[in-house]
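Novice: I have a structure here, written as structure tokens, and I will follow up with some questions on it.
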Amino acid sequence: MRQMIDLAQKEHEKRQCDQPQGRVAMRTNIKAWSSASQMAFSYVQMLHVMIILVVQVNYEEVKQKVPAFMEAASKKFDILDHLTAYRPNRNLLAVVSQAYHLYIKFLAKAVKPYTQCRIKTYLKAFSNPWKTRLQGLVDSIEATFREINDIVQYHGLLETHMSLTINREALGLLREQNAKADWVLSVLDNLSNMVAVHFTKSDDIRETAANIRQHVKENLDQPISTKTSKNTGKSLEPESASSQKSAVDQVLDDIFPKLRAQHDESKNRTRAMEELQYNHAQRPKQKSLFKSEQLVAWLQSDASELLWIDRSNLLTVADCNALFTNPLLLAGEGEFESTLVLWFSCHEMRLDSSKRYTAIVQALVSQILKQNPEIFQQLRQRHTREQTADVQSLWKMLLSCIDVVDASCIFIIINCADELGSGDESAAEEREAFLRQMKQLLHDQEKLVKVLLTAGLRRATNSEAPMSSTTLSPQLTRRHPTRSVSIEGLQADAPLLSHGIVRIQEKRCEELRLTELPFVYTSGTKVFGYEQGQLQAFVIAEAS
Numbered sequence: 083m084r085q086m087i088d089l090a091q092k093e094h095e096k097r098q099c100d101q102p103q104g105r106v107a108m109r110t111n112i113k114a115w116s117s118a119s120q121m122a123f124s125y126v127q128m129l130h131v132m133i134i135l136v137v138q139v140n141y142e143e144v145k146q147k148v149p150a151f152m153e154a155a156s157k158k159f160d161i162l163d164h165l166t167a168y169r170p171n172r173n174l175l176a177v178v179s180q181a182y183h184l185y186i187k188f189l190a191k192a193v194k195p196y197t198q199c200r201i202k203t204y205l206k207a208f209s210n211p212w213k214t215r216l217q218g219l220v221d222s223i224e225a226t227f228r229e230i231n232d233i234v235q236y237h238g239l240l241e242t243h244m245s246l247t248i249n250r251e252a253l254g255l256l257r258e259q260n261a262k263a264d265w266v267l268s269v270l271d272n273l274s275n276m277v278a279v280h281f282t283k284s285d286d287i288r289e290t291a292a293n294i295r296q297h298v299k300e301n302l303d304q305p306i307s308t309k310t311s312k313n314t315g316k317s318l319e320p321e322s323a324s325s326q327k328s329a330v331d332q333v334l335d336d337i338f339p340k341l342r343a344q345h346d347e348s349k350n351r352t353r354a355m356e357e358l359q360y361n362h363a364q365r366p367k368q369k370s371l372f373k374s375e376q377l378v379a380w381l382q383s384d385a386s387e388l389l390w391i392d393r394s395n396l397l398t399v400a401d402c403n404a405l406f407t408n409p410l411l412l413a414g415e416g417e418f419e420s421t422l423v424l425w426f427s428c429h430e431m432r433l434d435s436s437k438r439y440t441a442i443v444q445a446l447v448s449q450i451l452k453q454n455p456e457i458f459q460q461l462r463q464r465h466t467r468e469q470t471a472d473v474q475s476l477w478k479m480l481l482s483c484i485d486v487v488d489a490s491c492i493f494i495i496i497n498c499a500d501e502l503g504s505g506d507e508s509a510a511e512e513r514e515a516f517l518r519q520m521k522q523l524l525h526d527q528e529k530l531v532k533v534l535l536t537a538g539l540r541r542a543t544n545s546e547a548p549m550s551s552t553t554l555s556p557q558l559t560r561r562h563p564t565r566s567v568s569i570e571g572l573q574a575d576a577p578l579l580s581h582g583i584v585r586i587q588e589k590r591c592e593e594l595r596l597t598e599l600p601f602v603y604t605s606g607t608k609v610f611g612y613e614q615g616q617l618q619a620f621v622i623a624e625a626s
């Protein structure tokens, strides 16, 4: 085929040899330009296809990556919203605000392809807008997220370290308190029969306090209750009191049949509610009931006993007095003909260990003298400062004061007894003398002494009423309208509460004290009163 083409070309050149040379050159150029134009058109078509492909690829890349990044960023920003609420740190808030600023700029640029004309979109898509306009913002946002993660991790490590340090300090204090409490318990076991009550949960404290409160209400509902003799501890009622009471009940049942039917119906309804499984929460727990029975048995015992209450860092001094000490003293007012109440708190004592026991006895003696001023002159003439410097002389003075007062029952309350500790060797002699005299007082057959010791103090916060580390006298003054007002009022009016409740029941009461409101109104009731020229509102609570 090639030979035939060459032969034809030679024949053509022979026939055209007589034509001019210029026309031949022109034809040759025309052929060359024609072939070149055909090749250029092919290249232009290929270039058009390539441009269309590039624009389409860039446009699809933007359409895919923008929603994906927005979804991932929204999840991270949701986490940041909760993070700023739980960790309001200045550096963290600054970095988060920077991340939001960058994200807003990203959204402004990502929305433009959907709002401008199609020609501009295609023209800008040719320059790969994701890499030229959006990739830098995405990298900045991700770098900001990494910075936020670093800040959170740093603060988390710092908080973990601080929590670990606080837990170690708390564990050390707890171990120290447990060691003190164990030492005190080991010493008190040798004094007398001791009733130990330990609280490990706040629910046990609440239920036990409710049971004690119920016992106090039952005693106050019976104004003519059995009184205890001063020395013998026997009941002042005749032996036939139970038989007379049963006879009166029989007569009343015959006279008031509707009242008897109502009582029987209420008893059956209560019994049915206790038997239902879903109403199990209304039945008292056996553990709390046993603890309340221990407290009541200690109070009603005819012998001198010592009660140890371990609060396990769940209660403050004020809470313990309001929930247990004051109700027990109030119940003691109904159990005994006359009582002598002596208080002392060892909380945050600033004295040396060799002077603490002397301070306790001095505080007890000073309370007796303040409550009974008539015996102050007698003791002042017989005792001097030198004679009251040691524990033995102070105990003699205390016993003489107790003999003069001649109360049916003597309550000695010492809060935070575990704060005393074992002390050093210089306090050993004074401690032994104190414990020996306490043992003799508890074993005295002619006196009925109830000693209440509390341990396991929880440090009061700033919102709670601060308690004094000195003697807690029953005559406390009211200063600020905080929670301590009701507690101080209850301590101040404790000797008069039983008489006030009797006046309320017999409808002889003309005005109510603040401490008498919980016995008249139910818990949660709002009571309005006019005091000191202002209208005030009170909410009845269990600890008031």
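In our numbering, the protein residues as written are 83 to 626. Glycine included, C-beta positions come from ideal geometry on N, C-alpha and C.
1. Taking DSSP's pairing of strands, which residues face Gln-146 in a bridge?
2. For Ala-619, name the three-state secondary structure that DSSP assigns.
3. Quick check on DSSP: helix, strand or coil for Ala-291?
4. So, under 8 Å CB-CB, Phe-227 and Lys-145 are touching, yes? Tell me the CB distance rounded to an integer number of Å.
5. Which of the three DSSP states, helix, strand or coil, is assigned to Lys-191?
6. Is Asp-500 buried or exposed, if buried means 16 or more other CB atoms sit within 10 Å of its CB?
7. Could you please give me the residues that DSSP links to Val-533 through a beta bridge?
8. So if DSSP puts Thr-421 in a beta bridge, which residue, or which two residues, is it bridged to?
9. What does the alpha-carbon distance come out to for the pair Val-220 and Val-177?
10. Indicate whether Ser-386 and Lys-478 have their beta-carbon atoms separated by less than 9 Å.
11. Following the continuous alpha helix (DSSP H) through Lys-450, name the residue where it begins and the one where it ends.
12. Looking at C-beta atoms only, is the number of pairs between the stretch 108-126 and the stretch 161-180 that lie closer than 8 Å three or more?
13. How far does the alpha helix (DSSP H) with Lys-60 in it reach, from first residue to last?
14. Taking 9 Å as the cut-off, decide whether the C-beta atoms of Thr-407 and Glu-415 are in contact.
15. Would you mind giving the Cβ-Cβ distance between Trp-425 and Ile-495, rounded to the nearest angstrom? I have them listed as a contact below 8 Å.
16. Note down the Cα distance separating Lys-96 from Leu-129, rounded to an integer number of angstroms.
17. Tell me the DSSP bridge mates of Ser-427?
18. Determine the contact status of Ile-223 and Tyr-185, defining contact as a CB-CB distance below 9 Å.
19. If Ile-457 and Lys-529 are in contact, beta carbons under 8 Å, what's the gap, nearest whole angstrom?
20. How would you label Leu-523, buried or exposed, when you count the other beta carbons within 10 angstroms and need 16 or more for buried?
21. Going by C-alpha distance, which of His-297, Ile-287, Tyr-439, Ser-374 is nearest Asp-401?
22. Looking only at its own chain, which residues have a Cβ that is under 8 Å from the Cβ of Ala-181, when we skip the five neighbours before and after it?
23. How many Å lie between Ala-62 and Met-86 at the Cα?
24. Quick check: what's the CA-CA separation for Ala-413 versus Lys-437?
25. State the start and end residues of the unbroken alpha helix (DSSP H) segment that holds Asp-401.
26. Taking the alpha-carbon positions, what's the His-94 to Ile-112 distance?
27. To the nearest angstrom, how far is the alpha carbon of Ile-294 from that of Asn-403?
28. Leaving out the 5 sequence neighbours to the left and right, which residues in its chain are closer than 8 Å to Ile-442 when beta-carbon positions are compared?
29. Could one say the Cβ of Val-137 lies closer than 9 Å to chain C's Cβ atoms, at least one of them?
30. Here's the rule: buried if 16 or more other CB atoms are within 10 angstroms of the residue's CB, otherwise exposed. What is Asn-140?
31. Considering Cα atoms alone, identify which of Ser-374, Gly-238, Ala-489 is closest to Asn-454.
32. Report yes if the CB atom of Thr-440 is closer than 9 Å to the CB atom of Val-486, and no otherwise.
33. Nearest CA to the CA of Leu-388: which residue from Val-193, Ser-117, Val-279, Gly-254?
34. Would you mind stating whether Met-132 and Leu-189 have Cβ atoms separated by less than 9 Å?
Specialist: In short:
1. For the purposes of this step, residue 146 is identified with residue 64 of the sequence shown, where counting begins at 1. As far as DSSP is concerned, Gln-146 takes part in no beta bridge.
2. To locate residue 619, count along the sequence shown from 1; it is residue 537. Here Ala-619 sits in strand by DSSP.
3. Mapped onto the sequence shown, residue 291 falls at position 209. Ala-291 falls in the helix class under three-state DSSP.
4. For the purposes of this step, residue 227 is identified with residue 145 of the sequence shown, where counting begins at 1. For the purposes of this step, residue 145 is identified with residue 63 of the sequence shown, where counting begins at 1. The C-beta distance from Phe-227 to Lys-145 rounds to 24 Å, too long to meet the 8 Å contact threshold.
5. In the sequence shown, the residue the question calls residue 191 occupies position 109. Lys-191: helix per DSSP, three-state reduction.
6. Indexing the sequence shown from 1 puts residue 500 at position 418. The Cβ neighbour count for Asp-500, taken over all protein chains shown within 10 Å, is at least 16; the residue is labelled buried.
7. The residue labelled residue 533 in the question sits at position 451 within the sequence shown. Partner residues in the beta bridge of Val-533, as assigned by DSSP, are Leu-388, Ile-494.
8. Looking up residue 421 in the sequence shown gives position 339. Answer is Cys-491, bridged to Thr-421.
9. Along the sequence shown, read from residue 1 onward, the residue named residue 220 stands at position 138. Along the sequence shown, read from residue 1 onward, the residue named residue 177 stands at position 95. Straight-line Cα distance between these residues: approximately 15 Å.
10. As a first step, residue 386 must be located in the sequence shown, where it is residue number 304. As a first step, residue 478 must be located in the sequence shown, where it is residue number 396. No. Outside cutoff.
11. By 1-based counting over the sequence shown, the position of residue 450 is 368. Sequence inspection shows Ile at residue 450; the Lys mentioned does not correspond to that position. Ile-450 -> alpha helix (DSSP H) spans 438-453.
12. Segments in contact, no.
13. Here the chain has residues from 83 to 626 only, and residue 60 is not among them.
14. Position 325 of the sequence shown holds residue 407. Position 333 of the sequence shown holds residue 415. Contact flag unset, no.
15. The residue you call residue 425 lines up with position 343 of the sequence shown. The residue you call residue 495 lines up with position 413 of the sequence shown. Trp-425 to Ile-495, Cβ: 5 Å. Contact.
16. In the sequence shown, the residue the question calls residue 96 occupies position 14. In the sequence shown, the residue the question calls residue 129 occupies position 47. If I take the Cα positions, the gap works out to 44 Å.
17. For this step, residue 427 is matched to residue 345 along the sequence shown. Ser-427 pairs with Asn-497.
18. Working through the sequence shown from its first residue, we reach residue 223 at position 141. Working through the sequence shown from its first residue, we reach residue 185 at position 103. Yes, they are a contact pair.
19. Sequence index remark: in the sequence shown, residue 457 carries index 375 (1-based). Sequence index remark: in the sequence shown, residue 529 carries index 447 (1-based). About 17 Å separates the two Cβ atoms, so there is no contact after all.
20. Position 441 of the sequence shown, counting from 1, holds the residue named residue 523. Buried, by the Cβ-count rule.
21. Taking the first residue of the sequence shown as 1, we reach residue 401 at position 319. The candidate whose alpha carbon is nearest that of Asp-401 is Ile-287.
22. Looking up residue 181 in the sequence shown gives position 99. Phe-159, Leu-162, Ile-223, Thr-226, Phe-227, Ile-230.
23. As displayed, the chain neither begins before 83 nor continues past 626, which places residue 62 out of reach and without an answer.
24. Translated into positions along the sequence shown, residue 413 becomes position 331. Translated into positions along the sequence shown, residue 437 becomes position 355. For the pair Ala-413 and Lys-437, the Cα-to-Cα distance works out to about 34 Å.
25. Looking up residue 401 in the sequence shown gives position 319. 399-402 is the span of the alpha helix (DSSP H), which, as asked, contains Asp-401.
26. Here residue 94 corresponds to residue number 12 of the sequence shown, with the count starting at 1. Here residue 112 corresponds to residue number 30 of the sequence shown, with the count starting at 1. Taking the straight line from one Cα to the other gives about 18 Å.
27. Against the sequence shown, residue 294 aligns to sequence position 212. Against the sequence shown, residue 403 aligns to sequence position 321. C-alpha separation (whole angstroms): 13 Å.
28. For the purposes of this step, residue 442 is taken as the residue at position 360 of the sequence shown. Non-local C-beta neighbours of Ile-442 in its own chain, meaning closer than 8 Å and more than five positions away in sequence, comprise Phe-426, Cys-428, Ile-496, Phe-516, ordered along the chain.
29. In the structure shown, chain C cannot be found, because there is only a single protein chain.
30. In the sequence shown, counting from the first residue as 1, residue 140 sits at position 58. By the neighbour-count definition (other C-beta atoms within 10 Å, threshold 16), Asn-140 is a buried residue.
31. Your numbering for residue 454 matches position 372 in the sequence shown. Minimum Cα distance to Asn-454 is reached at Ala-489.
32. Counting from 1 along the sequence shown, the entry for residue 440 is found at position 358. Counting from 1 along the sequence shown, the entry for residue 486 is found at position 404. The Cβ atoms of Thr-440 and Val-486 do not sit closer than 9 Å to each other.
33. Along the sequence shown, read from residue 1 onward, the residue named residue 388 stands at position 306. Out of Val-193, Ser-117, Val-279, Gly-254, Val-279 has the C-alpha closest to the C-alpha of Leu-388.
34. In the sequence shown, counting from the first residue as 1, residue 132 sits at position 50. In the sequence shown, counting from the first residue as 1, residue 189 sits at position 107. Contact flag unset, no.
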